[in-house]
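First comes the structure, then the notes that go with it.
Chains as they are written, first to last, in my numbering: chain S, 7 to 399; chain Y, 5 to 180.
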């Protein structure tokens with residue numbers, strides 16, 4: 007008691023600052039919790055169009071608010087065709103049948119006993135940036151590019167299971183079917199299944215979220231998201247595609263001559279600046295860092311170039327590690343904004359040498375009615391008042 | 005006796021025993037019971053189509069009760085997409101993609117109705133009703149007669165106008 011009093015006196019003599027500190031009480035923080043939540047000050051959420059049938063549709067990832075390359079599972083874009091099923095993993099089964107020597111049924115627990123692998127992979131909806139085909143383009147990067155997200159996925163190589171069942175000679179496709187209400191179905195070339203497809207149960211360190219396919223889904227590295235069948239319940243090995251609704255009437259690219267491209271699986275090289283981007287405001291001239299995301303469904307991103315003068319000059323951006331194939335790559339470039347109107351954009355080149363095209367060159371070949379697989383360069387205008395808007399040049 | 009038999013099998017099929025050992029050995033062969041809950045899968049030549057049949061005349065009633073609230077009374081669209089019309093529009097600036105103008109196979113219509121429709125209660129139509137509703141949608145597109153019976157044999161033979169309208173992926177087609 008006496009010692010404490012002496013310390014207090016010493017503190018008081020040391021100066022007024024400490025004395026005032028003691029006078030301001032601090033509330034104790036919140037206690038430990040069983041499952042984490044983000045700060046209440048963070049407001050970024052998925053965006054979706056108003057709809058009378060919200061069970062079928064898309065919600066867009068808030069890319070402008072993202073850091074690094076991983077999309078939080080809770081903000082991963084959604085695309086459902088018949089709502090999100092509520093599946094008990096204890097009763098869920100995966101059946102592999104068709105042109106196989108030994109048809110197989112597996113529980114989720116059995117699949118988790120198999121040798122596992124994890125990969126950081128992008129998933130991009132085939133319809134991502136579909137709004138960019140038309141004259142009115144997405145006003146924010148969330149609406150123009152938000153049907154793409156990147157996660158660490160964990161599961162088993164599908165090849166392992168196909169070797170286990172013994173694929174019969176002559177087989178060339180697999181048919182994948184989900185356990186959602188609409189029993190979503192897609193045909194996938196067997197070669198992809200034997201190459202790098204993953205039967206996944208984990209996403210970003212925990213089980214896959216229900217809206218991402220809990221408890222089992224497919225991952226087809228680099229290919230359009232609609233082939234990554236969620237809530238997977240069946241694989242049929244066969245010698246032909248089944249021409250299901252979502253590979254004929256949807257996810258096909260109608261060309262100006264009236265013919266439609268089918269089985270356009272790979273998502274081509276693409277990039278977009280996320281800061282500054284549509285809907286944001288730069289508070290004044292000075293030093294900034296341009297940043298954004300680049301990816302290619304055909305492999306690794308080799309380089310990203312940035313223009314701040316509407317495409318006259320391009321400078322290489324720095325690619326931030328890790329730079330992984332078939333994943334989001336974060337790029338950055340310092341920029342001193344002089345306060346005058348500027349049109350900025352990024353352009354990505356992948357390891358195949360393919361360079362992301364302009365919107366004009368895409369439309370020159372494919373017209374404006376193909377709907378899917380848009381990967382044109384995205385321009386943002388920074389006005390003199392700092393407001394950033396979507397722009398066409 | 006049993007032991008002798010096992011030994012004999014092992015000797016006679018040594019390579020298979022080895023193959024077994026190399027396999028993962030998890031899961032089991034699905035039983036009839038396991039497969040019973042799985043839905044029908046249909047190929048373009050009709051493999052997988054179940055017994056049953058229907059006509060457009062029968063399908064008209066089913067459509068009015070189960071489909072028209074979203075797709076319109078004659079399939080011209082509402083909250084759900086239009087199913088009818090658009091033939092001849094695919095190469096125009098305003099293409100209209102419907103079952104009649106765009107879908108390459110009639111079997112896809114049967115399969116999709118059976119697995120995913122009606123939107124709010126998929127799986128509730130009988131196989132006969134799926135044949136009948138498919139017939140009605142095809143009838144609305146002038147592709148079958150009103151009294152034409154569609155079944156596992158006749159449905160795959162319905163020639164869709166856009167059957168040859170699809171090409172394979174030519175990309176990369178744009179860019180350097």
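Note that beta-carbon positions come from the ideal geometry of N, C-alpha and C, so glycine has one too.
| Quick one: which chain S residues come within Cβ less than 7 Å of residue 4 of chain Y? | There is simply no residue 4 of chain Y to check, as chain Y begins at 5 and stops at 180 in what is shown.
| Of the listed residues S:91, S:225, S:175 and S:34, nearest to residue 125 of chain S (C-alpha basis) | Out of S:91, S:225, S:175 and S:34, S:225 has the C-alpha closest to the C-alpha of residue 125 of chain S.
| task | Check whether the Cβ atoms of residue 173 of chain S and residue 106 of chain S lie closer than 7 Å to each other. | result | Against a cut-off of 7 Å, the Cβ pair of residue 106 of chain S and residue 173 of chain S comes out as a contact.
| request: Decide if residue 47 of chain S is buried, meaning its Cβ has at least 16 other Cβ atoms within 10 Å, or exposed. | output: With fewer than 16 other beta carbons inside 10 angstroms of its own, residue 47 of chain S counts as exposed.
| Buried versus exposed, by CB contacts within 10 Å (16 or more), residue 97 of chain S | By the beta-carbon neighbour count (other beta carbons within 10 angstroms, threshold 16), residue 97 of chain S is exposed.
| task | Run the CB neighbour count on residue 112 of chain S, radius 10 Å, all protein chains shown included, and call it buried at 16 or more, exposed below. | result | The residue in question, residue 112 of chain S, is buried, as its Cβ has 16 or more Cβ neighbours within 10 Å.
| Which runs of the alpha helix (DSSP H) spanning at least 4 residues fall entirely within the stretch 134–187 of chain S, listed in chain order? | You should have 147–151 and 164–171.
| query | Is any beta-carbon of chain Y found at less than 7 Å from that of residue 367 of chain S? | reply | Residue contact with chain Y for residue 367 of chain S: present (Cβ-Cβ distance below 7 Å to some residue of chain Y).
| said: Using CA atoms only, rank isn't needed, just tell me which of S:319, S:289 and S:307 is closest to residue 345 of chain S. | reply: Ranking S:319, S:289 and S:307 by Cα distance to residue 345 of chain S puts S:289 first.
| In its own chain, which residues sit with a C-beta less than 8 Å from the C-beta of residue 169 of chain Y, not counting the 5 before and 5 after it? | Closer than 8 Å at Cβ, skipping near neighbours: 94, 106 and 108.
| field | Selection of the stretch 112–124 of chain Y by Cβ proximity to chain S, strictly under 7 Å | value | When CB distances to chain S are screened at a threshold of 7 Å, the residues of the stretch 112–124 of chain Y falling below it are 112, 115, 116, 119, 120 and 123, in chain order.
| said: Just to make sure I have the definition right: I need the residues of chain S whose C-beta is within less than 9 Å of the C-beta of residue 173 of chain Y. Which are they? | reply: At a beta-carbon threshold of 9 Å, the residues of chain S lying near residue 173 of chain Y are 259, 267, 268, 269, 270, 271 and 272, ordered along the chain.
| message | Rounded to whole angstroms, what is the Cα-Cα separation between residue 37 of chain S and residue 30 of chain S? | response | In this model, residue 37 of chain S and residue 30 of chain S are separated by some 21 Å (Cα to Cα).
| message | Counting only C-beta atoms, is residue 178 of chain Y closer than 7 Å to chain S at any point? | response | Chain S contact via Cβ: present.
| 7 Å Cβ shell around residue 375 of chain S - same chain, five flanking residues per side excluded | So the list reads 260, once near-sequence residues are dropped.
| query | Between residue 306 of chain S and chain Y, is there a C-beta pair that is closer than 7 Å? | reply | It does not; no Cβ of chain Y falls within 7 Å.
| request: For residue 119 of chain S, I'd like the list of residues in its chain whose CB is within less than 8 Å of its CB, leaving aside the five on either flank, ordered along the chain. | output: Taking C-beta separations shorter than 8 Å and ignoring five residues to either side along the sequence, residue 119 of chain S has no partners in its chain.
| task | Output, in chain order, the set of chain S residues within a Cβ distance shorter than 7 Å of residue 42 of chain Y. | result | What residue 42 of chain Y touches in chain S: 101 and 240.
| request: Please confirm if residue 248 of chain S has its CB atom under 7 Å from at least one CB of chain Y. | output: Residue 248 of chain S counts as touching chain Y.
| request: Mind checking who residue 272 of chain S pairs with in its DSSP beta bridge? | output: Answer by DSSP bridge pairing, in chain order: S:229.
| task | Output the distance between the C-alpha atoms of residue 128 of chain Y and residue 122 of chain Y, rounded to the nearest integer angstrom. | result | Taking the straight line joining both Cα atoms gives about 8 Å.
| query | For residue 150 of chain Y, is the classification buried or exposed, using 16 other Cβ atoms within 10 angstroms of its Cβ as the cut-off for buried? | reply | Classification of residue 150 of chain Y: exposed, given that the 10 Å Cβ count is below 16.
| field | Residue from S:177, S:79, S:64 and S:102 with nearest C-alpha to residue 136 of chain S | value | Ranking the options by Cα distance to residue 136 of chain S, first place goes to S:64.
| query | Do residue 104 of chain S and residue 244 of chain S have their CB atoms nearer than 7 Å? | reply | In contact: residue 104 of chain S and residue 244 of chain S (Cβ atoms closer than 7 Å).
| task | Note down the Cα distance separating residue 119 of chain Y from residue 188 of chain S, rounded to an integer number of angstroms. | result | Spanning the two alpha carbons is a distance of roughly 6 Å.
| task | Determine which residues share a DSSP beta bridge with residue 127 of chain S and list them. | result | According to DSSP, residue 127 of chain S bridges with S:157.
| Option nearest residue 328 of chain S by Cα separation, candidates S:205, S:359 and S:299 | Looking at the Cα atoms, S:299 is the closest of the given residues.
| field | Contact belief for residue 170 of chain S with residue 76 of chain S at Cβ below 8 Å, rounded distance in angstroms | value | Your pair residue 170 of chain S and residue 76 of chain S does not check out as a contact, with CB atoms roughly 31 Å apart and the cut at 8 Å.
| What is the residue span of the beta strand (DSSP E) that residue 140 of chain Y lies within? | Annotation for residue 140 of chain Y: no beta strand (DSSP E) segment contains it, though the alpha helix (DSSP H) segment containing it runs 131–144.
| request: Can you grab the Cα-Cα spacing for the pair residue 159 of chain Y / residue 334 of chain S, in whole Å? | output: Residue 159 of chain Y and residue 334 of chain S: Cα-Cα distance of roughly 45 Å.
| task | Could you tell me the boundaries of the beta strand (DSSP E) in which residue 350 of chain S lies? | result | From DSSP, the beta strand (DSSP E) with residue 350 of chain S extends over 348–356.
| task | Give the residues from the stretch 353–366 of chain S that approach chain Y closer than 7 Å (Cβ to any Cβ), ordered along the chain. | result | Here the close residues are 360, 361, 362 and 363.
| request: Under 8 Å Cβ to Cβ from residue 138 of chain S, same chain only, skipping five residues before and after it: list those, please. | output: Listed in chain order, the non-local C-beta contacts of residue 138 of chain S below 8 Å within the same chain comprise 144, 150, 365, 380, 382 and 384, local neighbours out to five positions each way being set aside.
| Hey, residue 87 of chain S and residue 186 of chain S are a contact pair by Cβ (cut 8 Å); roughly how many whole angstroms apart? | The pair is a contact, with the Cβ atoms about 7 Å apart (cut-off 8 Å).
| query | To which residues of the same chain is residue 22 of chain S closer than 7 Å at the C-beta, ignoring the five residues directly before and after it? | reply | Only weak support is given to the placement of residue 22 of chain S: the predicted model assigns it a pLDDT of 49, under 50, and the question is left unresolved by the model.
| In the stretch 329–349 of chain S, which residues sit with their C-beta less than 9 Å from some C-beta in chain Y, listed in chain order? | So the list is empty, because no residue satisfies the distance condition.
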